[in-house]
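If you want the working numbering, it's the position in the sequence shown, counting the first as 1, plus 22.
Beta carbons are placed, not taken as given, at the ideal position from N, Cα and C, and that holds for glycine.
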Amino acid sequence: MTHADRILMGPGPCNPYPEVIEALTRPVLGHLDPDFLALLDETNERLRAVFDTTNPLTFPVSGTGSAGMETCFVNVVEPGDAVVVGVNGVFGERMCDVAARCGAEVIRVEAPWGQALDPEALVAAHPDPSVIAVVHAETSTGVRNDIAPLGAAKGDALLLVDCVTSLGGLEVHLDDWGVDLAYSGTQKCLGVPPGLSPVSVSPRALERLVDPCRSWYLDLAMIARYVTGEGARAYHHTAPISMIYALHAGLGVVADEGLDAVIARHRRCGEALQAGLVERGFELFAAEGHRLPELTTVVVPTERLPAGVDEAGVRRRLLDDYGIEIGGGLGAYAGKVWRIGLMGHTARLRNVTLLLGALDELLT
Ligand code: PLP
Numbered sequence: 023m024t025h026a027d028r029i030l031m032g033p034g035p036c037n038p039y040p041e042v043i044e045a046l047t048r049p050v051l052g053h054l055d056p057d058f059l060a061l062l063d064e065t066n067e068r069l070r071a072v073f074d075t076t077n078p079l080t081f082p083v084s085g086t087g088s089a090g091m092e093t094c095f096v097n098v099v100e101p102g103d104a105v106v107v108g109v110n111g112v113f114g115e116r117m118c119d120v121a122a123r124c125g126a127e128v129i130r131v132e133a134p135w136g137q138a139l140d141p142e143a144l145v146a147a148h149p150d151p152s153v154i155a156v157v158h159a160e161t162s163t164g165v166r167n168d169i170a171p172l173g174a175a176k177g178d179a180l181l182l183v184d185c186v187t188s189l190g191g192l193e194v195h196l197d198d199w200g201v202d203l204a205y206s207g208t209q210k211c212l213g214v215p216p217g218l219s220p221v222s223v224s225p226r227a228l229e230r231l232v233d234p235c236r237s238w239y240l241d242l243a244m245i246a247r248y249v250t251g252e253g254a255r256a257y258h259h260t261a262p263i264s265m266i267y268a269l270h271a272g273l274g275v276v277a278d279e280g281l282d283a284v285i286a287r288h289r290r291c292g293e294a295l296q297a298g299l300v301e302r303g304f305e306l307f308a309a310e311g312h313r314l315p316e317l318t319t320v321v322v323p324t325e326r327l328p329a330g331v332d333e334a335g336v337r338r339r340l341l342d343d344y345g346i347e348i349g350g351g352l353g354a355y356a357g358k359v360w361r362i363g364l365m366g367h368t369a370r371l372r373n374v375t376l377l378l379g380a381l382d383e384l385l386t
């Protein structure tokens, strides 16, 4: 099998949709070319559809998901602000780090890894926080955290949500849920290579932008002059043209298949995989009722590893012999869980069948 033939199922890089590959080969227009700007506007409109929002400031930040995270925090958090952060995995931890670097007083609300956050505990954590921040789909644990109850009870706080692994794979309703700032990544359920971070900012959050923003590159007020198309579009930084073509194409695939159908495809694949694993005696790691379909965590079946092969060796064999990449555990769960992604173009039942068959062959 060649590298190009691989079916990558990992939570990190995944095979993009074929339409996306084609888009990456198109001629590179200038970043102020009217045809490119029209394509950018359409991309942003398509992003509004998947985020389910009317937020005018919805666009792809030039950078990966972490750049989107930083954009959201650095534009609304000032030194001394009380920021409540839900922590039940790596990416909640990262939010704490980013908020602390903005000078926030970070109030952590934790849940054990594998369990969902308690929305009531988040709301009760501080009498008047400026921001409540939560990861919707924790890629490190395979857990979905509930967002809607936070929006209903957020009071004067801004609600900031990480949608990196949920956008395009789970229902996301920014406006109905009262989300003020959200960011995502292209490489997960949108089926596009890594490189951009779709961000959406509510008018309420725009009224509270830190002025001036401490980051020049991620300054939303400056970027908005290029993105929203109101008046003359001013140069801020050179847009990564080919990646925006790719995102436009990935969102086009989602629109053609239908967002609900794409979400249902992710759900069917996750359910089939999780049922197949349970049938084979595997223990799922994430709490029932909060399991992500697009990212399944399973306890490494230590007693079933082939003689002389550790869990990393099994993952290596999956990659070399079957072209399947699954992720190892992160942080305290390194070596203890596997993380199996079925996202975007890789969310196909045939990949579920292939992985289960491969595990049947590899494990004792
Ligand atoms: N948030 C979540 C939930 C993620 O899964 C990731 C990456 O996997 C990130 C943030 C960071 O995104 P990136 O690695 O694209 O910078």
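S88 CB to nearest heavy atom of ligand 1 below 7 Å: Position 66 of the sequence shown, counting from 1, holds the residue named residue 88. Yes, the Cβ of S88 comes within 7 Å of a heavy atom of ligand 1.
Going by CA-CA distance only, name the one from A354, Y344 and P262 that's closest to T86. Here residue 86 corresponds to residue number 64 of the sequence shown, with the count starting at 1. The candidate whose alpha carbon is nearest that of T86 is P262.
Looking at V232: is its Cβ nearer than 8 Å to the Cβ of E100? Looking up residue 232 in the sequence shown gives position 210. Looking up residue 100 in the sequence shown gives position 78. Against a cut-off of 8 Å, the Cβ pair of E100 and V232 comes out as a contact.
Contact under 8 Å by Cβ, I285 with G191: Stepping through the sequence shown from its first residue, residue 285 is reached at position 263. Stepping through the sequence shown from its first residue, residue 191 is reached at position 169. Yes. Within cutoff.
Evaluate A227 with the Cβ neighbour count: other Cβ atoms within 10 Å of its Cβ, from every protein chain shown; 16 or more gives buried, anything less gives exposed. As a first step, residue 227 is located in the sequence shown; it is residue number 205 there, counting from the start. A227 comes out buried.
In chain order, which beta strand (DSSP E) runs of at least 3 residues are fully inside the stretch 244 to 329? 317 to 321
Using only CA atoms, which one of V112, V131, T93 and T375 lies nearest to V106? By one-based count along the sequence shown, residue 106 stands at place 84. Cα-wise, what sits closest to V106 is V131.
Looking at R313: is its Cβ nearer than 8 Å to the Cβ of G164? In the sequence shown, residue 313 corresponds to position 291, counting from 1. In the sequence shown, residue 164 corresponds to position 142, counting from 1. In contact: R313 and G164 (Cβ atoms closer than 8 Å).
Inter-residue spacing [alpha-carbon to alpha-carbon] between N37 and K176: Taking the sequence shown and counting its residues from 1, one reaches residue 37 at position 15. Taking the sequence shown and counting its residues from 1, one reaches residue 176 at position 154. Near 38 Å, if we compare the C-alpha coordinates of K176 and N37.
Measure the beta-carbon distance from V391 to T93 and round it to whole angstroms, keeping in mind my assumption that it falls under 8 Å. Absent from the model: residue 391. The displayed extent of the chain is 23 to 386, so no value can be given.
Grab me the residues of D197's own chain with a C-beta within less than 7 Å of its C-beta, minus the 5 sequence neighbours each way, in chain order. Locating residue 197 in the sequence shown gives position 175, counting from the first residue. Excluding sequence neighbours, D197 sits near D74, T75 and T76.
Bridge partners - G102, DSSP secondary structure assignment: One-based indexing of the sequence shown puts residue 102 at position 80. Per DSSP, none; premise fails for G102.
Just verifying my parser: in three-state terms, what is the DSSP assignment at S88? The residue given as residue 88 occupies position 66 in the sequence shown. DSSP places S88 in helix when its eight states are reduced to three.
Are A45 and Y267 closer than 8 Å when you measure CB to CB? Sequence index remark: in the sequence shown, residue 45 carries index 23 (1-based). Sequence index remark: in the sequence shown, residue 267 carries index 245 (1-based). Yes, Cβ-Cβ distance for A45 and Y267 is below 8 Å.
Expected contact under 8 Å - CB spacing of D150 and A104 to nearest Å: Residue mapping note: residue 150 aligns to position 128 of the sequence shown, counting from 1. Residue mapping note: residue 104 aligns to position 82 of the sequence shown, counting from 1. Confirmed, Cβ separation roughly 7 Å.
Apart from the five residues on each side of it in sequence, which residues of its chain come closer than 7 Å, Cβ to Cβ, to T386? Translated into positions along the sequence shown, residue 386 becomes position 364. The residues are R326 and P328.
Grouping DSSP H, G and I as helix and E and B as strand, with all else coil, what is E44? The residue given as residue 44 occupies position 22 in the sequence shown. Of the three classes helix, strand and coil, the one that applies to E44 here is helix, per DSSP.
Buried or exposed: which applies to P315, given that a residue is buried once 16 or more other Cβ atoms fall within 10 Å of its Cβ? On the sequence shown, position 293 is the one that residue 315 refers to. Buried, because 16 or more other Cβ atoms sit within 10 Å of the Cβ of P315.
How about S88 and G353: do their beta carbons lie closer than 8 Å? Within the sequence shown, the letter at position 66 stands for residue 88. Within the sequence shown, the letter at position 331 stands for residue 353. No, Cβ-Cβ distance for S88 and G353 is not below 8 Å.
For a quick check, are the C-beta atoms of R361 and G349 less than 8 Å apart? On the sequence shown, position 339 is the one that residue 361 refers to. On the sequence shown, position 327 is the one that residue 349 refers to. Contact flag set, yes.
State the Cα-Cα distance for the pair T250 and L189, rounded to the nearest angstrom. As a first step, residue 250 is located in the sequence shown; it is residue number 228 there, counting from the start. As a first step, residue 189 is located in the sequence shown; it is residue number 167 there, counting from the start. Cα to Cα, the separation comes out at about 21 Å.
Provide the residue(s) that pair with G349 in DSSP beta bridges, ordered along the chain. Residue 349 sits at position 327 when you count from the first residue of the sequence shown. G349 pairs with R361.
Reduced DSSP secondary structure (H/G/I, E/B, other) of A121: Counting from 1 along the sequence shown, the entry for residue 121 is found at position 99. Reduced to three states, the DSSP call for A121 is helix.
Over the uninterrupted alpha helix (DSSP H) stretch that includes Y344, give me the two end residues. Translated into positions along the sequence shown, residue 344 becomes position 322. Residues E333 to Y344.
Classify V50 as buried or exposed, calling it buried when 16 or more other Cβ atoms lie within 10 Å of its own Cβ. Taking the first residue of the sequence shown as position 1, residue 50 is located at position 28. Classification for V50: exposed.
So, helix, strand or coil for D184, using DSSP? Translated into positions along the sequence shown, residue 184 becomes position 162. Strand at D184.
Environment of V42 [buried if 16+ CB atoms lie within 10 Å]: Along the sequence shown, one-based indexing puts residue 42 at 20. Answer is buried; the Cβ neighbour count reaches 16.
For E142, collect the residues of the same chain with a Cβ closer than 6 Å to its Cβ; drop the 5 residues on either side in sequence, then sort them by chain order. To locate residue 142, count along the sequence shown from 1; it is residue 120. Closer than 6 Å at Cβ, skipping near neighbours: no residue.
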